[in-house]
Structure formats: C-alpha cells, structure tokens
Amino acid sequence: MLLVDDHAVVRQGLRSYLESFGDIVIVGSAASGEEALRLLETCLPDVAVVVSHLPV
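The opening position of the sequence shown corresponds to residue 1 in the numbering used here, with each subsequent residue numbered one higher.
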C-alpha cells in the first residue's frame, strides 16, 4: 500500500493504524502528487490511499 498526504502526521497515523492489522504492508509514502507518481513506478503497490486535495 502507498500512502499519499501532504501532512506527515496524517501519513504516520495512517501507517500506524493500518500496520496494526498485521497483514497490511506499507511499501511507501509520499507528501506530494509528484512524489507519489515516482513511487507508483518503483514500489508497485496494490493499493494507494491518496488525499484528494493534494496538488500534483
């Protein structure tokens, strides 16, 4: 899973919450749309959680 949000505290909170389930693997996190696009190509996540108001 790839987490994308421009607020570090939100990314960390989501990571902690999702990893608490034990079977979810966070392969990366990004603070911008541009960074997320780069990570999508290298990390190849099955799922991406993206904040919709995030600028590219």
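Each residue gets a CB set at the ideal place from its N, CA and C atoms; glycine is no exception.
Helix, strand or coil, according to DSSP, for residue i in the structure here?
i: ALA31; result: coil
i: LEU44; result: coil
i: VAL49; result: strand
i: VAL25; result: coil
Just to confirm, are residue i and residue j a CB contact at a threshold of 8 Å?
i: VAL51; j: MET1; result: no
i: LEU39; j: GLY28; result: yes
i: LEU37; j: ILE26; result: no
What separation, rounded to the nearest whole angstrom, lies between the Cα atoms of residue i and residue j?
i: LEU3; j: CYS43; result: 11 Å
i: GLU41; j: VAL49; result: 15 Å
i: LEU14; j: ALA8; result: 10 Å
Is residue i a contact residue of the ligand NAD, with contact defined as CB to any heavy atom under 7 Å?
i: GLY33; result: Ligands in the displayed structure: none, and consequently the ligand NAD is not present.
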